[in-house]
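Those protein sequence lines, which keep their order, are chains A, B, C and D. Residue numbering for the first sequence follows our numbering, beginning at 2 and increasing consecutively. Residue numbering for the second sequence follows our numbering, beginning at 2 and increasing consecutively. Residue numbering for the third sequence follows our numbering, beginning at 2 and increasing consecutively. Residue numbering for the fourth sequence follows our numbering, beginning at 2 and increasing consecutively.
Number of protein chains: 4
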Amino acid sequence: MSYNTFGRLLRVTTWGESHGPAIGCTVDGVPPGLDLSEGDIQPFLDKRRPGQSRYTTQRRESDTVRILSGVFEGITTGTPVQLMIENIDQRSKDYGDIAETYRPGHADYTYDAKYGLRDYRGGGRSSARETAMRVAAGAIARKILGGGVTVRAAMVRMGPHGIDRDRFDWSVAAQNPLFCPDAVAADVWAGELDAIRKAGSSVGAVIEVEATGVPAGWGAPIYGKLDADLAAALMSINAVKGVEIGAGMAAATLTGEDNADEIVPGPDGAPAFLSNKAGGILGGISSGQPVVARFAVKPTSSILTPRRSIRKDGSATEVMTKGRHDPCVGIRAVPVAEAMMALVLADHMMLHRAQCG
Amino acid sequence: MSYNTFGRLLRVTTWGESHGPAIGCTVDGVPPGLDLSEGDIQPFLDKRRPGQSRYTTQRRESDTVRILSGVFEGITTGTPVQLMIENIDQRSKDYGDIAETYRPGHADYTYDAKYGLRDYRGGGRSSARETAMRVAAGAIARKILGGGVTVRAAMVRMGPHGIDRDRFDWSVAAQNPLFCPDAVAADVWAGELDAIRKAGSSVGAVIEVEATGVPAGWGAPIYGKLDADLAAALMSINAVKGVEIGAGMAAATLTGEDNADEIVPGPDGAPAFLSNKAGGILGGISSGQPVVARFAVKPTSSILTPRRSIRKDGSATEVMTKGRHDPCVGIRAVPVAEAMMALVLADHMMLHRAQCG
Amino acid sequence: MSYNTFGRLLRVTTWGESHGPAIGCTVDGVPPGLDLSEGDIQPFLDKRRPGQSRYTTQRRESDTVRILSGVFEGITTGTPVQLMIENIDQRSKDYGDIAETYRPGHADYTYDAKYGLRDYRGGGRSSARETAMRVAAGAIARKILGGGVTVRAAMVRMGPHGIDRDRFDWSVAAQNPLFCPDAVAADVWAGELDAIRKAGSSVGAVIEVEATGVPAGWGAPIYGKLDADLAAALMSINAVKGVEIGAGMAAATLTGEDNADEIVPGPDGAPAFLSNKAGGILGGISSGQPVVARFAVKPTSSILTPRRSIRKDGSATEVMTKGRHDPCVGIRAVPVAEAMMALVLADHMMLHRAQCG
Amino acid sequence: MSYNTFGRLLRVTTWGESHGPAIGCTVDGVPPGLDLSEGDIQPFLDKRRPGQSRYTTQRRESDTVRILSGVFEGITTGTPVQLMIENIDQRSKDYGDIAETYRPGHADYTYDAKYGLRDYRGGGRSSARETAMRVAAGAIARKILGGGVTVRAAMVRMGPHGIDRDRFDWSVAAQNPLFCPDAVAADVWAGELDAIRKAGSSVGAVIEVEATGVPAGWGAPIYGKLDADLAAALMSINAVKGVEIGAGMAAATLTGEDNADEIVPGPDGAPAFLSNKAGGILGGISSGQPVVARFAVKPTSSILTPRRSIRKDGSATEVMTKGRHDPCVGIRAVPVAEAMMALVLADHMMLHRAQCG
């Protein structure tokens, strides 16, 4: 039972609002004996940080993380690790005009419907600012996984534009502000996104996240399946509307012959799969192949074009967003996706160890 | 922490193997005072039951459910409801030859990798037979939701063939064995599936599941979001590889202008949304619109065409399935999808009541 | 969130009413690869079974347990183990007269107050019959713990009569129907209990349960402390009103000097404690000393002497119990206590392994 | 699955070490719409705060709490409430000498045995300092319970000295630094405690905590029984070795006749119980009577008298505590007990509402 907690054995509880004094999280269940300092976490936060390029919101946050507990003389102690980031650039006045208005595509109406009130400043709790703490916690999850598991993500679609899979290069993704793994597409997208940004419009995206080095055997059927947990983890990211594992939605169009990942004897007696339609998961358990997931991020709802909406009192109005925003919120979802993948895997590593020794 | 338990407050724990003596589940947290008898559950099981048409496996199971606890004089008492179905037509000999072989696309290898052994008879625990108990539990969830909420599902794609949305008719879906809501497509698909079945091949599918009558306010952000819970619920169904809410993966291709579900004042002061790209969920909370999800089911991995694989000892072999199987396992996923939607909603109804009174 | 589930990683979900068709439980999280058959479980059930001596209720139940899932060819598979016992000797007519009356000391009134109705036959869900499933699950927990950990319990007080600690002998406890570890007291108690039984009266008891061989390091502070989990486990047994660890309530009367368990270097460098006021638990974590708990069981509320009470309609009445009952329900709590201790320890063994490797 | 989280629906996750920069907690699941400010919480912290009288440790902490999230314009929003207290008077040097030594009765050895290392400054995570956050969270629980439920605690035994029940007066307990409800005993105890303090010794205590105004029907059998949850809650408080409900351990010495709480028709048709041996709980569900629990706190292990112990390297040593300490740690457990009672009750209020409407 957890509203704001993620994970089974490695449990992350986040708190904080977009424009409150701070945001933070407790990471509980961290194994003892790991080296951990702010320096292990900050680089991942910097990757997600707003204002890094002209393609993301110009809110200026240093996102400087502090470790407040659970680490003694640079080593985790097995007690809860508390991470905190103080909010700096809050500019609440930008958002004052939405106090009484429900922005289409945002959670304004539903929070009010559920709770009877909401902290409307910057979206309050529903803001993607919460994902900073996921990224911070994800850095700890990587520590737990150790060097054998590599988790990385890239943006493989921006609006109508996909990538050329033959040009897929992780090192390219690491070097452009759109995290696009196709150098040619990266340039095209950059130009397009400039135009979209200037027009005050926005565009959706698809992110792909992959983990290599995951051993066979992680995942807890029936209701703790690795893919089910990944689906929840990725769908819980702001603005996500679809999640795929391996072949994903396209699996529906295949025949059994095409979909079968044939197996041949591999080195060391381990199976060698000839394809990975399954995305590295069979029956909810990792197969030793790369774990591959994708998800769609809807276009940012904050746009300059007026949209019809209603006020809290039910009267009609129009909404257009004047404040800072991301023209493609999918960009900043890339490091968040890596964090969620790392968290799910670390959790299942521990879960597997608990039951199967 | 739950391997075989689903839900937060309405908790379903399933047990049983495909060819064990019985399968069952405990439904805990059921509100007291509801009328409940086997007659409320059996019709849903009958809808999912194998051998209903030539399109599903010919295993003959009556799937007769018994209520063993939690109901007194026809009324739920608030104590756990135990449901059990005895397995009848087990034909274990059909599966003896897979004891030492890993079937591509199945969980054979991963179960062995995780647990060191597996009950290989009919797939053991990894068999879709487990979903019978989800359907049974789902019938109780419908009781909890009451008459105001309607949950129904249809198959909207079979392999390469989609439906014509203009012909979408729920009553049509209820009357053909493929649960296809488009009468024209239903006929075409039936012919195609006959050919696929005779060829010993298989095909994937997309299922759409919808709930109407859900009030605004259900869902528990951040990590108990209604869409995140739905994603896990649907991804946990056997053979599912992708889950979408509302516009789904296609949201990535939209602009902010197109994606916005504009709002106008509706009757009784409630908001009237002009579209439903969001699939009835904003910020993880229901908006009062229909909750709409879709998911892709991969083609059955059991096919007549030989596929390369390995044995338990690592040696190479070929696998072809001679036993009974479903040419399109998506068909029987339709009632399962309804059950999972009903279970998630009933759980969130209770969760909302707990926190928000 | 679990009404009817016990444990964190080793999870036991029980179901069933005293006079329903059957009772059962699902044991989830069992490690794979353990030998397990009904023969491993039945002896513990036989120890708890009613009608074993003249000191326990004369209800005749064979309490024959069946394993319905989770075991393949005599080995646990890591999937949920379902255990079931059919109820045989239900004699519901004995209890018909309590349908409209609230028996003092029973849960009749509170179940009605909570749920609005109750299965009054034999106490329904509130009956101690549920503890049979705890005992069955406890047998599996012992398997998980392995031979290094020994769990045993004894009755150390019956009403006003304690034991002489100098005569404490576990082998004596194993051989008398009152599980009394003091041979002299066992005889005295037997005589007293005969008188109490004939008078239709009842008497309370204190049970002591001990686990030896528990390594240092089990327990999960702060809210999964080994002693806190034991306290909940033991307090959840029917009729228990107090739980003690080590020195227990008497710790309040000690000085710091007397209460300190001094430590000296032991063999193999392990600490040797000179006393065990702590009951083997410090800071919620096992110390390697024997884990020792005690709990008080109130006298059976079902007695022949009329007691004032009210009917469901609020009117005054008197209640006296004519049906079968236990003059000292503490006797049958002995095997239940062992089961709960074993379950808590096995759970914490797995929990420790998950976090600390 | 929660190491550092307490509660089912109202979930409190605490973090922080005795001598780290801060301690804090997240209170998740708080209903929206409650007035809440630091002013609602601080008085309870002040009651527990060290250095309030000469009978408690002289560590000087202002224990000033800050609300960092979950409250907007003075009203709870339904999102997680983060509370934080900065540590001020840490004096780590006092504790440097215990880095390599295991103090008898403390968690030093077991933390090292479990985690392989520990933050030894002031006991680190195992310090009773953690209970400050319980008290803070408890203040929120009281808000949730509302004015109809009153929770209060008193110290009813100090070492060998009990109270005279005939002189029990809650207003007396509120006015002396020992929270003793018997004015005569309060004076005697004060003198005794002065002597104990000067001698560098310590003494145990029994605390009684009571809730009035609890309606019948709270509690979730079988494994979420109100008394089982209370037992875990109270046993999880530092230094607690025994927990009693109602008649407690003494129930073992009673006959069924004496133990029965007879019932007569009360005003408004509600039952009127003639005694409260049950402590307000029957079958794990509240009966509408006062809920009454007691627990024993062992004497502070930190004393001036040298006690034998071992060092981390296994060698023999002696330990005596020179730093600040509480001669009777039971005193400060009084507000903690109230907080735990309030938290358990608020949780069960919500749990009951979820299932039973």
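Just so you know, even glycine gets a beta-carbon here, dropped at the ideal spot from N, CA and C.
Worksheet entry | Those runs of the beta strand (DSSP E) which lie wholly inside the segment 122-188 of chain D and span at least 3 residues | Taking 3 residues as the minimum length, the beta strand (DSSP E) runs contained wholly in the segment 122-188 of chain D are 151-159, in order along the chain.
Worksheet entry | Three-state secondary structure (DSSP) of C:R60 | The residue labelled residue 60 of chain C in the question sits at position 59 within the third sequence. Here C:R60 sits in coil by DSSP.
Worksheet item: How would you list, in chain order, the residues of chain A whose beta-carbon sits under 8 Å from the beta-carbon of D:D165?
Response: Here residue 165 of chain D refers to the residue found at position 164 of the fourth sequence. Those do not exist, as D:D165 stays about 43 Å from chain A at its closest Cβ, beyond 8 Å.
Item to complete: Below 8 Å on the Cβ atoms is my guess for C:I246 versus D:Y112; work out the distance and round it to an integer in Å.
Response: In the third sequence, counting from the first residue as 1, residue 246 of chain C sits at position 245. In the fourth sequence, counting from the first residue as 1, residue 112 of chain D sits at position 111. 18 Å between Cβ atoms; not a contact.
Worksheet entry | For C:P272: DSSP bridge partner residues | Here the question's residue 272 of chain C lines up with position 271 in the third sequence. DSSP lists C:P266 as partners of C:P272.
Discussion item. For the segment 288-300 of chain D, list every residue whose C-beta sits within 9 Å of some C-beta in chain C, in sequence order.
Written reply: Going along the segment 288-300 of chain D in chain order, one finds S288, G289, R295, F296, A297, V298, K299 and P300 with a Cβ nearer than 9 Å to chain C.
Discussion item. Alpha carbons only, please: which of C:G106, C:R122 and C:G205 is nearest the one belonging to C:C329?
Written reply: Residue mapping note: residue 329 of chain C aligns to position 328 of the third sequence, counting from 1. Taking only the C-alpha atoms, the option nearest C:C329 is C:G205.
Worksheet entry | Whether C:T80 touches C:G71 by CB criterion (8 Å) | Against the third sequence, residue 80 of chain C aligns to sequence position 79. Against the third sequence, residue 71 of chain C aligns to sequence position 70. Yes, the pair counts as a contact, with Cβ atoms nearer than the cut-off.
Discussion item. Does D:W219 pass the burial test, meaning 16 or more other C-beta atoms within 10 Å, or should it be called exposed?
Written reply: Here residue 219 of chain D refers to the residue found at position 218 of the fourth sequence. Around the beta carbon of D:W219, 16 or more other beta carbons sit within 10 angstroms, so the residue counts as buried.
Fill in: Beta-bridge partners of C:W16, as assigned by DSSP
Numbered from 1 along the third sequence, position 15 holds the residue referred to as residue 16 of chain C. Paired residues: C:G25.
Discussion item. Would A:A191 pass as an interface residue toward chain C - the criterion being a Cβ-Cβ separation below 8 Å?
Written reply: One-based indexing of the first sequence puts residue 191 of chain A at position 190. Under the 8 Å criterion on CB atoms, A:A191 is classed as non-interfacial with respect to chain C.
Worksheet item: So is D:Q53 in contact with chain A if we call contact Cβ pairs under 8 Å?
Response: Working through the fourth sequence from its first residue, we reach residue 53 of chain D at position 52. Closer than 8 Å: no.
Worksheet item: With burial defined as no fewer than 16 other Cβ atoms inside 10 Å of the residue's Cβ, what is the status of B:I145: buried or exposed?
Response: The residue labelled residue 145 of chain B in the question sits at position 144 within the second sequence. Burial call: buried.
Worksheet item: Bridge partners of C:A221, per DSSP?
Response: Position 220 of the third sequence, counted from the start, is the residue given in the question as residue 221 of chain C. Paired residues: C:G225.
Discussion item. So, at 6 Å on beta carbons, what are the nonlocal neighbours of A:A221 in its own chain, with the 5 sequence-adjacent residues on each side left out?
Written reply: Walking along the first sequence from the start, residue 221 of chain A turns up at place 220. Cβ neighbours of A:A221 beyond the five flanking positions: L352.
Worksheet item: Shorter than 8 Å from the beta carbon of C:A343 to some beta carbon of chain A?
Response: Along the third sequence, one-based indexing puts residue 343 of chain C at 342. No, because no Cβ of chain A sits closer than 8 Å to the Cβ of C:A343.
Practice prompt. Would you list the one or two residues that DSSP bridges to D:L84?
Written response: Residue mapping note: residue 84 of chain D aligns to position 83 of the fourth sequence, counting from 1. Residue pairing by DSSP places D:L84 opposite D:C26 and D:I68 in a beta bridge.
Item to complete: Identify the contact partners of D:M351 in chain B, using a Cβ-Cβ distance below 8 Å as the criterion.
Response: By 1-based counting over the fourth sequence, the position of residue 351 of chain D is 350. Chain-order list of chain B residues neighbouring D:M351: A355 and Q356, by C-beta distance under 8 Å.
Worksheet item: Buried or exposed: A:R166, going by 16 or more other Cβ atoms within 10 Å of its Cβ?
Response: Here residue 166 of chain A refers to the residue found at position 165 of the first sequence. Exposed, since its Cβ has fewer than 16 Cβ neighbours within 10 Å.
Worksheet item: A:Y103: which of A:M250, A:T318, A:L179 and A:A355 sits nearest, CA to CA?
Response: Along the first sequence, read from residue 1 onward, the residue named residue 103 of chain A stands at position 102. Measuring C-alpha to C-alpha distances from A:Y103 to each of A:M250, A:T318, A:L179 and A:A355 identifies A:T318 as the nearest.
Discussion item. Does B:D47 come out as helix, strand or coil in the three-state DSSP assignment?
Written reply: The residue given as residue 47 of chain B occupies position 46 in the second sequence. Reduced to three states, the DSSP call for B:D47 is helix.
Item to complete: Check B:D120 in the structure and name its three-state DSSP category.
Response: Within the second sequence, residue 120 of chain B is the residue found at index 119, counting from 1. Three-state DSSP puts B:D120 in coil, outside helix and strand.
Item to complete: Could you tell me which of B:F296, B:T306, B:V292 and B:A108 sits nearest to A:D259, measuring between CA atoms?
Response: Counting from one through the first sequence, the residue named residue 259 of chain A turns up at place 258. Out of B:F296, B:T306, B:V292 and B:A108, B:T306 has the C-alpha closest to the C-alpha of A:D259.
Item to complete: Could you say which of C:S203, C:P33 and C:D29 lies nearest to C:T58 if we only look at CA atoms?
Response: Translated into positions along the third sequence, residue 58 of chain C becomes position 57. Restricting attention to C:S203, C:P33 and C:D29, the CA atom closest to the CA of C:T58 is found in C:S203.
Discussion item. Please state the DSSP three-state secondary structure of D:V292.
Written reply: Residue 292 of chain D sits at position 291 when you count from the first residue of the fourth sequence. The answer is strand: DSSP assigns D:V292 an E or B state.
Worksheet entry | chain B contacts from the segment 8-28 of chain C (Cβ-Cβ distance under 8 Å) | Residues R9, L10, R12, T14, T15, W16, G17, E18, G21, P22, A23, I24, G25 and T27.
Worksheet item: Is the beta carbon of B:E263 less than 8 Å from the beta carbon of A:S310?
Response: The residue you call residue 263 of chain B lines up with position 262 of the second sequence. The residue you call residue 310 of chain A lines up with position 309 of the first sequence. In this structure, B:E263 sits near A:S310, with a CB-CB distance shorter than 8 Å.
Discussion item. Just to confirm the assignment: which complete beta strand (DSSP E) runs, minimum length 3, are found wholly within the segment 303-339 of chain D?
Written reply: For the segment 303-339 of chain D, whole beta strand (DSSP E) runs of length 3 or above, ordered along the chain, are 308-311 and 317-320.
Worksheet entry | First through last residue of the beta strand (DSSP E) which encompasses A:E74 | Reading the first sequence from its first residue, position 73 is the one you call residue 74 of chain A. Careful: A:E74 lies outside any beta strand (DSSP E) and carries neither H nor E.
Fill in: Supposed close pair B:E1, B:K313 - CB separation, criterion 8 Å
Absent from the model: residue 1 of chain B. The displayed extent of chain B is 2 to 358, so no value can be given.
Worksheet item: Contact between the segment 6-14 of chain C and the segment 40-60 of chain C: three or more CB pairs below 8 Å?
Response: Below 8 Å, too few C-beta pairs join the segment 6-14 of chain C and the segment 40-60 of chain C to call them touching: fewer than three.
Worksheet entry | Short CB-CB distance (under 8 Å) between A:P161 and chain C | As a position in the first sequence, residue 161 of chain A is number 160, starting the count at 1. Contact of A:P161 with chain C is not assigned, every C-beta pair being separated by 8 Å or more.
Discussion item. On the DSSP bridge list, what partners appear for B:E209?
Written reply: To locate residue 209 of chain B, count along the second sequence from 1; it is residue 208. Paired residues: B:A155 and B:R295.
Discussion item. If the cut-off is 7 Å on Cβ atoms, which residues from the segment 70-82 of chain A count as contacting chain C, listed in chain order?
Written reply: Within the segment 70-82 of chain A, the residues whose Cβ lies closer than 7 Å to some Cβ of chain C are G79, listed in chain order.
Worksheet item: Alpha carbon to alpha carbon, what distance is there between C:A140 and C:D41?
Response: Taking the first residue of the third sequence as position 1, residue 41 of chain C is located at position 40. Taking the first residue of the third sequence as position 1, residue 140 of chain C is located at position 139. Distance between the alpha carbons of C:D41 and C:A140 is about 7 Å.
Practice prompt. Identify which residue in C:A212, C:V241, C:T322 and C:A279 has its Cα closest to the Cα of D:A240.
Written response: Sequence index remark: in the fourth sequence, residue 240 of chain D carries index 239 (1-based). Ranking C:A212, C:V241, C:T322 and C:A279 by Cα distance to D:A240 puts C:A279 first.
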